[in-house]
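Read the sequence shown against the UniProt record's numbering and you will find it ends at 283, with the numbers running on by one and no gaps. Each residue gets a CB set at the ideal place from its N, CA and C atoms; glycine is no exception. Here is the structure we will look at, set down as C-alpha cells.
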Amino acid sequence: MMTPALVAISHGTSSTAGQAAVRGLVRAVENAVRIPDSKKRDNPPGSTRRSIPTVRLGHIDVEQPDVAATLASLATGEPAVIVPLLLSAGYHVYHDLAAERAAAEHPATVTERPPTTAERATAEPERRIGVGSGTGRRVSVATALGPDERLATVLAQRLQQAGATEADTVVLAVAGSSDRRAVADCREMSRMLSNVMGQDIRLGFLAAATPLVPEAVRDAHAERPGRRVIVSTYLLAPGYFHDLARSAGADVTTEPLLTTDSDPPQELVDIVLERYATASRRV
Numbered sequence: 001m002m003t004p005a006l007v008a009i010s011h012g013t014s015s016t017a018g019q020a021a022v023r024g025l026v027r028a029v030e031n032a033v034r035i036p037d038s039k040k041r042d043n044p045p046g047s048t049r050r051s052i053p054t055v056r057l058g059h060i061d062v063e064q065p066d067v068a069a070t071l072a073s074l075a076t077g078e079p080a081v082i083v084p085l086l087l088s089a090g091y092h093v094y095h096d097l098a099a100e101r102a103a104a105e106h107p108a109t110v111t112e113r114p115p116t117t118a119e120r121a122t123a124e125p126e127r128r129i130g131v132g133s134g135t136g137r138r139v140s141v142a143t144a145l146g147p148d149e150r151l152a153t154v155l156a157q158r159l160q161q162a163g164a165t166e167a168d169t170v171v172l173a174v175a176g177s178s179d180r181r182a183v184a185d186c187r188e189m190s191r192m193l194s195n196v197m198g199q200d201i202r203l204g205f206l207a208a209a210t211p212l213v214p215e216a217v218r219d220a221h222a223e224r225p226g227r228r229v230i231v232s233t234y235l236l237a238p239g240y241f242h243d244l245a246r247s248a249g250a251d252v253t254t255e256p257l258l259t260t261d262s263d264p265p266q267e268l269v270d271i272v273l274e275r276y277a278t279a280s281r282r283v
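In C-alpha cells form, the structure reads like this:
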C-alpha cells in the first residue's frame, strides 16, 4: 500500500511571525522523516521516525491553501493522514476536518461546508457548498496535539526562560472554545502543567469560555498582593491570541510553544509524528 502523505493542517493566522513559526515546525517534521538510506537499517519497524514521501501544510482558515486544495495537490490515489496542528480537539477537528475527510473520500457527495471564522462572525453567514476533490482518496484524521505531557514540559521550559519561580502565580492562557470537549482538553493540560511544575495552576481562556485570562490575572493579584502573576501561553505560535495574552495584565507573559527565533521543540516534532503514525493505521 502507498505510504500516506502527512498533511499538517494549522488553524491559519494573519500574523507573519505565526506563519513562519508554523512553517518551521512542518520543515522540522519533514527533515525528521527524510531518513538517509545509510540510516534506514537503524529505523525499527513501527518507529514513528519513518520515511514519508509527501509532507504538506494547509490551513483551516485565513491562509491558503485550504484543506481541500492541500488534499487535491497530492498524487492521484495517494492516501493521506491529516494531522491537526491544534492544541485541543473541538469544532475544527470534529466538524471542519471530518467534513473535509468525507468530501475527499466521497467526491460525488455534495456537502455543506462549515462556515469559516469570518462567516460565523457575520449576522447572516453565506451558505457555501463544498464538493470533494474528485480523487476518492483514503483519508484519516489524527487526534489533536494536546493535551500531552510533553507539551507541559515545553510550557515549563518557557516558564523557566521567563524567570518564573515557585513564589509566582501561574495562569495558563488557552485559546478557548464553545466545544466542551476542547474545554476539557484545556483543563487536562492545566493539570499536566501543575504536575510538572509542582504547584497549582490557574486556567484562563482568551475567548468563548470563562474565566477569561484578564479576570484570572486580576483574581490572582487580588488573592496574593505583591506576588508576581505569570501568564503561561498555551498557544502554538505568535498571533492575535498571543497579543491578547500579553495585554491581560500579568507581570510576565511567556512565549508560545513555537517562536521564530528558535528551533521547534523536539517534543512537538515527536508528537506530530506520533499522531501521524497512529492515524496511518486507519487509512
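Using only the alpha-carbon positions, how far apart do Q160 and T253 sit?
12 Å
Alpha-carbon to alpha-carbon, C186 and R180:
10 Å
Enclosing beta strand (DSSP E) for G204 [first to last residue]
I201 to F205
Considering only the alpha carbon of each residue, which of G249, R224 and P256 lies closest to T233?
P256
Under the three-state reduction of DSSP, which class applies to T169: helix, strand or coil?
strand
For V170, tell me which candidate among V154, P84, P211 and Q199 has the shortest Cα-Cα distance.
Q199
Quick check: what's the CA-CA separation for S194 versus I201?
5 Å
With DSSP as the reference, label R56 as helix, strand or coil.
strand
Would A279 and S140 be called neighbours here (beta carbons separated by less than 8 Å)?
yes
C-beta atoms of L87 and A144 nearer than 8 Å
yes
Classification of T70 by the beta-carbon crowding that lies within 10 angstroms, buried from 16 upward:
buried
Taking C-alpha atoms, which residue in A277, A164, Q64 and L206 lies nearest to S247?
L206
What are the residues that DSSP puts in a beta bridge with L6?
V55 and V81
How long is the line joining the alpha carbons of V196 and L155, rounded to whole angstroms?
9 Å
Quick one: using the 10 Å Cβ neighbour count with 16 as the cut-off for buried, is M2 buried or exposed?
exposed
Rounding to the nearest angstrom, what Cα-Cα distance links Y91 and E274 in this structure?
22 Å
How far does the alpha helix (DSSP H) with V93 in it reach, from first residue to last?
Element bounds for V93: n/a, residue is neither H nor E.
Spatial neighbours of R158 within its chain, please: CB distance less than 6 Å, with the 5 preceding and 5 following residues excluded, ordered by chain position.
T254 and E255
Using the C-alpha atoms, what's the distance from S14 back to L74?
25 Å
Taking Cβ positions, are T236 and L203 nearer each other than 8 Å?
Note on identity: in this sequence residue 236 is Leu, with Thr being the wrong assignment. Cβ distance not < 8 Å, so L236 and L203 don't count as in contact.
Which residues in the same chain have their Cβ closer than 6 Å to the Cβ of G249, if we skip the five residues on either side of it in sequence?
P214 and V217
Nearest by alpha-carbon distance to G18: which of E267, R281 and D243 is it?
D243
Under 6 Å Cβ to Cβ from V283, same chain only, skipping five residues before and after it: list those, please.
P4, P79, R138 and S140
Please report the distance separating the alpha-carbon of H95 from that of I60.
11 Å
With DSSP collapsed to three states, give me the class of L151.
helix
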